[in-house]
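K.L.:
Just dropping this structure here.
Chains as they are written, first to last, in the working numbering: chain S, -9 to 439; chain H, 6 to 168.
In structure tokens:
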């Protein structure tokens, strides 16, 4: 087991990793920017090192500064959390060269999954269902038009190096393809330094469903079932739940097996999430893989009883899955997470500033992951996630009742938060009945205004 | 607190005073101590000596990083309070070296005059030696870090009387 781990992140996920380390008896080293001097991850770590000014590029994304801090603190391993450097294969390589264990998959696997067209082909070879589309990148407009004619419009062109919705265009006809193709190439080249595109059949208003997996370093992979994350606004998830009402026990079992076989072949290690879209016929299609812990991992922890972050630490230190997980993972009850953001609940403008009052709900089945506190400051430099409110009930109805109760007791003053928005969503009959897809928020907001 | 703890504490306070330590934090789980001394008496000291005295000495590197843990503000405050004193701060996290190579003379010592842009130390980060330049003209009145010490971003290195 590791003696000392550096957490290359901030906010609630840094604290989440610190908690897991504490419980395993591992010493922790926090890094922070000048804007986070009074942050809780700094206070609760055994050691803390300031690595730069507030700007991300000069602090949390500054690879030499992070590695240098890891060296002077003499850590065995670095946990990257999510976002920031977590899916940066180059960073994982520097860790390896510096003899520091990167808690995540090997850089080669991260790189493979980062090249979306290659990840798609790898999944296809292993029998994971993918959407009809191009084999690898599309070289020209003519080739794009030919493939689109075969699979039928609408199609979507996506950047091979993509992410965050950039370098992506939905194409509905043969005529508009050339312009949209060029626009996506230019955008991708500017954003990622690589203008290559691939093409997929476009699914209208799909559901977003993802599978959580854990893989050890001895060739074993297990599925921790799915999460449904269809409640999103502009590709930002707002509410997640597990299990999905749409995934049948047979699908869960069979797709789980296929995914595990595929990841074994690829040589995947540590925690990962495979994202799917579900079409109106209830079919799942692979979209991409996230090679890190997810924001919404607590709902899987709630229904499986598995501590995913502890599992990450144990796996990276060489443990086998059968030492970490029970022989058969049971699914128990229903869990829902709300992402509480520091933003105006109607206009979605960010709301940085000092928190004056902060009451966190608790009680049976309620978990709050946050690094905020009364008198705490939400700096304007970073993402707006203030807290994750997670509830666990014996079924979805009980989980909803718990969430409504907990939201009403979650008091944050001094800044604006998305709590009122969440309260409204939980009153929506479609949401309560489970009738939703990724277009839910658009309809909900249109109805509201 | 047990009588022997009180005796230890007395000895510790004596030692801290002797070495002009400004602030001292100890957290052993069962015992928490926080001591603050008159700022005028403060100056930097070797944490290695403290650990030896305390017996429960953490590993050398943990100790070094612990020195980094406390933000440098308590040390700078009294220095900056003096009019005309400027602190040269580290532009990066890493290990500080006061001389160009082991055994050679330090770049600067107390009493030396420094010019703007003059190299006054080295910070090693990821095996790269980064020369640190003075951003002020004047006389070095205090060295706030020692050779081989781990330092964080923004940590004060030298106090310079600007002229």
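For glycine and all other residues, C-beta sits at the position ideal for the given N, C-alpha and C. Since this is a predicted model, take the numbers as computed values, not measurements.
Give the interface partners of residue 157/H over in chain B, defined as CB-CB distance under 8 Å, in chain order.
P.N.:
Given the protein chain composition of this structure (S and H), no chain B is represented.
K.L.:
Is the distance from the Cβ of residue 392/S to the Cβ of residue 402/S below 7 Å?
P.N.:
No, the Cβ-Cβ distance between residue 392/S and residue 402/S is not below 7 Å.
K.L.:
Relative to the C-alpha of residue 426/S, which candidate in 251/S, 407/S, 234/S has its C-alpha closest?
P.N.:
With distances taken between Cα atoms, residue 426/S lies closest to 234/S.
K.L.:
So which residues on chain S does residue 99/H lean against when the C-beta distance must stay under 7 Å?
P.N.:
Within 7 Å Cβ-Cβ: 58, 62.
K.L.:
Can you check which of these residues, 24/S, 69/S, 105/S, is closest to residue 305/S by C-alpha distance?
P.N.:
The residue with the shortest Cα to Cα distance from residue 305/S is 69/S.
K.L.:
Are the segment 97 to 105 of chain H and the segment 139 to 156 of chain H touching, with three or more C-beta to C-beta distances below 8 Å?
P.N.:
Short answer: they touch.
K.L.:
Identify which residue in 223/S, 313/S, 278/S, 319/S has its Cα closest to the Cα of residue 215/S.
P.N.:
Out of 223/S, 313/S, 278/S, 319/S, 319/S has the C-alpha closest to the C-alpha of residue 215/S.
K.L.:
Just to make sure I have the definition right: I need the residues of chain S whose C-beta is within less than 9 Å of the C-beta of residue 134/H. Which are they?
P.N.:
Ordered by position in chain S, no residue passes the 9 Å Cβ test against residue 134/H, which lies about 12 Å from the chain.
K.L.:
Assuming residue 125/H and residue 146/H form a contact by the criterion Cβ under 8 Å, report the distance between their Cβ atoms to the nearest whole angstrom.
P.N.:
At roughly 13 Å, the Cβ-Cβ gap does not stay under 8 Å, so residue 125/H and residue 146/H are not in contact.
K.L.:
Just the chain H side, please: which residues come within less than 9 Å of residue 134/S by C-beta, in chain order?
P.N.:
Near residue 134/S there are no residues of chain H at all, since even the closest Cβ is about 43 Å away, more than 9 Å.
K.L.:
Only counting runs of 3 or more residues, tell me where the beta strand (DSSP E) segments fall wholly within the segment 15 to 70 of chain S, in order along the chain.
P.N.:
The segment 15 to 70 of chain S contains these whole beta strand (DSSP E) runs: 17 to 23, 37 to 42, 67 to 69.
K.L.:
Output, in chain order, the set of chain S residues within a Cβ distance shorter than 9 Å of residue 110/H.
P.N.:
Those within 9 Å of residue 110/H in chain S number zero; the least Cβ separation is about 25 Å.
K.L.:
According to DSSP, is residue 92/S part of a helix, a strand, or is it coil?
P.N.:
In the structure shown, residue 92/S sits in a strand (DSSP, three-state: E or B).
K.L.:
At what residues does the alpha helix (DSSP H) containing residue 438/S begin and finish?
P.N.:
Taken as a continuous stretch (DSSP letters only), the alpha helix (DSSP H) holding residue 438/S covers 430 to 438.
K.L.:
With a threshold of 7 Å between beta carbons, is residue 97/S in contact with chain H?
P.N.:
For residue 97/S, the answer is no, since every Cβ of chain H falls outside 7 Å of its Cβ.
K.L.:
Could you tell me the distance, in whole angstroms, from the CA atom of residue 211/S to the CA atom of residue 294/S?
P.N.:
If I take the Cα positions, the gap works out to 16 Å.
K.L.:
Can you check whether the C-beta of residue 130/H is within less than 7 Å of a C-beta belonging to chain S?
P.N.:
Cβ-Cβ to chain S under 7 Å: yes for residue 130/H.
K.L.:
Residues of chain H with CB closer than 9 Å to the CB of residue 83/S, please, in chain order.
P.N.:
Under the 9 Å cutoff, chain H gives no residues; its nearest Cβ is about 13 Å from residue 83/S.
K.L.:
From the DSSP output, in three-state form, read off residue 329/S for me.
P.N.:
Residue 329/S: strand per DSSP, three-state reduction.
K.L.:
For residue 216/S, which of helix, strand or coil comes out of DSSP?
P.N.:
In the structure shown, residue 216/S sits in a strand (DSSP, three-state: E or B).
K.L.:
At 3 residues or longer, what runs of the beta strand (DSSP E) sit wholly inside the segment 325 to 383 of chain S?
P.N.:
Listed in chain order, the complete beta strand (DSSP E) runs (minimum 3 residues) inside the segment 325 to 383 of chain S are 347 to 349, 356 to 360, 375 to 383.
K.L.:
Report the CB separation of residue 376/S from residue 331/S in whole angstroms; it is logged as a contact under 8 Å.
P.N.:
Their Cβ separation, rounded to whole angstroms, is 6 Å, which keeps residue 376/S and residue 331/S in contact under 8 Å.
K.L.:
Round the Cβ separation of residue 260/S and residue 302/S to the nearest angstrom and send it over; I've been treating them as touching at under 8 Å.
P.N.:
With 8 Å as the limit, residue 260/S and residue 302/S qualify as a contact, their Cβ atoms being about 6 Å apart.
K.L.:
DSSP on residue 441/S, reduced to helix/strand/coil?
P.N.:
Nothing in the structure corresponds to residue 441/S, since chain S is present only between -9 and 439.
K.L.:
Please go through the same chain and pick out, in chain order, the residues whose beta-carbon is closer than 7 Å to the beta-carbon of residue 428/S, but skip the five residues on each side of it.
P.N.:
If we look at residue 428/S and ignore the five residues flanking it on each side, its Cβ neighbours are 195, 196, 197, 198, 220, 222.
K.L.:
7 Å is my cut-off, CB to CB: does residue 205/S come that close to chain H?
P.N.:
Chain H contact via Cβ: absent.
K.L.:
Closest by CA to residue 254/S, which one among 415/S, 59/S, 80/S, 99/S?
P.N.:
Comparing Cα-Cα distances from residue 254/S to each of 415/S, 59/S, 80/S, 99/S, the minimum goes to 99/S.
K.L.:
Please state if the CB of residue 370/S and the CB of residue 342/S are separated by a distance shorter than 7 Å.
P.N.:
For residue 342/S and residue 370/S, yes; Cβs fall inside 7 Å.
K.L.:
Between residue 283/S and residue 131/S, what straight-line distance do the alpha-carbon atoms span, to the nearest angstrom?
P.N.:
Using only the alpha carbons, I get a separation of about 37 Å.
K.L.:
Give every residue of the same chain whose Cβ lies closer than 8 Å to the Cβ of residue 84/S, excluding the five residues on either side of it in the sequence, and list them in chain order.
P.N.:
Same-chain partners within the cutoff: 53, 57.
K.L.:
Would residue 55/S count as contacting chain H if we go by Cβ distances under 7 Å?
P.N.:
With 7 Å as the cut-off, residue 55/S counts as an interface residue toward chain H.
K.L.:
Measuring CA to CA, which of 437/S, 6/S, 13/S, 432/S is closest to residue 224/S?
P.N.:
That would be 432/S, whose Cα lies nearest to the Cα of residue 224/S.
K.L.:
Along the chain, where does the alpha helix (DSSP H) containing residue 129/S start, and where does it finish?
P.N.:
Run containing residue 129/S: none; DSSP gives neither H nor E here.
K.L.:
Residues in its own chain within less than 7 Å of residue 6/S by CB, not counting five upstream and five downstream?
P.N.:
So the list reads 299, 359, once near-sequence residues are dropped.
K.L.:
Under three-state DSSP, which class holds residue 223/S?
P.N.:
Strand.
K.L.:
Which bits of chain H does residue 24/S rub up against, with CB to CB less than 8 Å?
P.N.:
Under the 8 Å cutoff, chain H gives 158, 159.
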